[in-house]
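Numbering (our numbering), first residue to last: 9 to 433. Glycine included, every Cβ here is placed at the ideal spot set by N, Cα and C. Right, one structure below, let's go through it.
The structure is reproduced here in structure tokens:
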């Protein structure tokens, strides 16, 4: 199996992917960020403070949970969950945000901006800003503010300003565009806390390094519990931060398959999806050369997913290298498949996963049935599902469009399948 390049080349490339495609006004800020970051990661004062915060504030190390009743739907394979949903703020996002917030202080800046789709990165950024006394503005597509209203309220309670973006598809892509515009105008005082492993160099490499702790912990925890490495590591892939975080420690373990699950939406053939590796081609978006959903004229195509966090037409450049090198596989999971996995984990194990993470669970169901009961599958449960309760309740027909609780369909809550939103969206 080809060996992928673990670190970007000096120009910020992962093979032919990555790079730095930004307005000239941002080059000094990116160079300052790279210089401060490279000094910080070898400074015991910085690494010690980040470790202290993870231990006393984030709640690391996150635990591993085996889910035998859910595994009955995965061909009997052993299924283990890396519980990033148990971190403070409810997802893996806090790993990266605390690191970038500390860097903001080192750069002498007093304001942070962020973009968010599902709201988890926005909540994590608002939390870190409150903790360190930074002004915080979060850009969010208007469509996402409506389907993630709980997280919008959380960000405002934490003192952040949430700016709904009302143009374009009103989702994550448009929120990223607005964040870049803000950064260009206010770069002297503001750091852009980019939330995933894409964007211009050094963000893909830096964000990955802040998330590598997931895979470092998980690899040892699986060895301690099972006595051997897993056969497969599964993770959902929007921009790709939780996936690269758990994948990276396993890159040199040739026996371990790395499988990323993209948002197949209503089905790749329908054109309503966010499956960049199934239907995208290489191009530039948001400062990086990578796989992008685009039309024949190179215009970015709007993506679709029941999951706000995966509703994004591009993907991190290191994932593009891992895919082209053959070290990682990427599969689309439809909205219907993800929501079925969401319901199964809730009913069999008492865990409400984020809908993003439910795509990884659906992938585990597919792989378990293919590999059989001797397989060990590790799934990164990247976030908790509190924020998605309204979306799931609409999907399963438990509330109507006005949010009113409805009578249980067919005599049992949610058993009748998709209702309100349904796969037609």
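Taking buried to mean at least 16 other C-beta atoms within 10 Å of its own C-beta, is residue i buried or exposed?
i, result
"residue 411", "exposed"
"residue 117", "buried"
"residue 305", "exposed"
"residue 199", "buried"
"residue 64", "exposed"
"residue 175", "exposed"
"residue 33", "exposed"
"residue 161", "exposed"
"residue 31", "exposed"
"residue 47", "exposed"
"residue 222", "buried"
"residue 155", "buried"
"residue 86", "buried"
"residue 465", "Because the chain is modelled from 9 through 433, residue 465 falls outside the range shown and cannot be assessed."
"residue 247", "buried"
"residue 345", "buried"
"residue 37", "buried"
"residue 293", "buried"
"residue 405", "buried"
"residue 302", "buried"
"residue 414", "exposed"
"residue 180", "buried"
"residue 232", "exposed"
"residue 196", "exposed"
"residue 208", "buried"
"residue 52", "exposed"
"residue 397", "exposed"
"residue 424", "Note that residue 424 has pLDDT 47, beneath the 50 cutoff, so the model's placement of it is unreliable and no number is given."
"residue 35", "exposed"
Within the same chain, show all residues whose beta-carbon is closer than 7 Å to that of residue i, passing over the 5 residues directly before and after it, in chain order.
i, result
"residue 325", "22, 25, 26, 206, 212, 296, 297, 298"
"residue 107", "58, 218"
"residue 14", "Its pLDDT being 48, under 50, residue 14 is placed unreliably in this model, and the value from its coordinates should be taken loosely. If we look at residue 14 and ignore the five residues flanking it on each side, its Cβ neighbours are 259."
"residue 11", "Residue placement at residue 11 is flagged as unreliable, the pLDDT there being 39, under the threshold of 50; a coordinate-derived value is accordingly withheld."
"residue 263", "237"
Cutting at 6 Å between CB atoms, please list the residues of its own chain near residue i, excluding the five before and the five after it.
i, result
"residue 19", "none"
"residue 183", "123, 147, 148, 149, 173"
"residue 340", "270, 272, 276, 283, 286"
"residue 167", "138"
"residue 356", "77, 78"
"residue 74", "88"
"residue 313", "271, 273, 282, 319"
"residue 367", "244, 269, 341, 346"
"residue 210", "42"
"residue 178", "149, 150, 151"
"residue 71", "91"
"residue 54", "48"
So residue i packs on residue j, CB below 8 Å; how close in whole Å?
i, j, result
"residue 289", "residue 249", "The Cβ separation is near 23 Å, so there is no contact."
"residue 385", "residue 244", "In fact, because the Cβ distance is near 14 Å, the residues do not count as touching under 8 Å."
"residue 383", "residue 261", "That pair is no contact at about 15 Å."
"residue 348", "residue 315", "Between residue 315 and residue 348 the Cβ distance is about 14 Å, and since that is not below 8 Å, they are no contact."
"residue 393", "residue 362", "5 Å"
"residue 338", "residue 235", "Not confirmed; about 29 Å, so no contact."
"residue 93", "residue 391", "5 Å"
"residue 217", "residue 49", "7 Å"
"residue 389", "residue 91", "6 Å"
"residue 164", "residue 170", "6 Å"
Beta-carbon within less than 8 Å of residue i's beta-carbon, same chain only, minus the 5 sequence neighbours each way: which residues are those?
i, result
"residue 84", "376, 380, 381"
"residue 115", "40, 41, 44, 199"
"residue 220", "253, 256, 257"
"residue 159", "124, 126, 127, 128, 130, 131, 395"
How far does the beta strand (DSSP E) with residue i in it reach, from first residue to last?
i, result
"residue 172", "169 to 173"
"residue 266", "265 to 273"
"residue 3", "Absent from the structure is residue 3, since the part of the chain shown begins at 9 and ends at 433."
"residue 199", "198 to 200"
"residue 243", "240 to 244"
Could you tell me the boundaries of the alpha helix (DSSP H) in which residue i lies?
i, result
"residue 341", "Residue 341 -> not in any alpha helix (DSSP H); beta strand (DSSP E) instead, spanning 336 to 342."
"residue 298", "Looking at the DSSP string, residue 298 is not in any alpha helix (DSSP H); the run it does join, the beta strand (DSSP E), is 296 to 300."
"residue 385", "Note, residue 385: premise wrong, no alpha helix (DSSP H); beta strand (DSSP E) at 384 to 389."
"residue 221", "211 to 234"
"residue 399", "397 to 403"
"residue 281", "No alpha helix (DSSP H) contains residue 281, which DSSP labels as neither H nor E."
"residue 192", "180 to 194"
"residue 372", "363 to 379"
"residue 328", "325 to 333"
"residue 251", "249 to 255"
Is any non-hydrogen atom of the ligand PLP found closer than 7 Å to the C-beta of residue i, if you look at the structure I gave you?
i, result
"residue 103", "This structure lacks the ligand PLP; in fact it carries no ligand of any kind."
Ignoring anything shorter than 3 residues or poking outside the region 91 to 157, list the beta strand (DSSP E) runs there in chain order.
-> 119 to 124, 143 to 149
For the region 23 to 86, list the beta strand (DSSP E) runs that are entirely contained and at least 3 residues long, ordered along the chain.
-> 72 to 74
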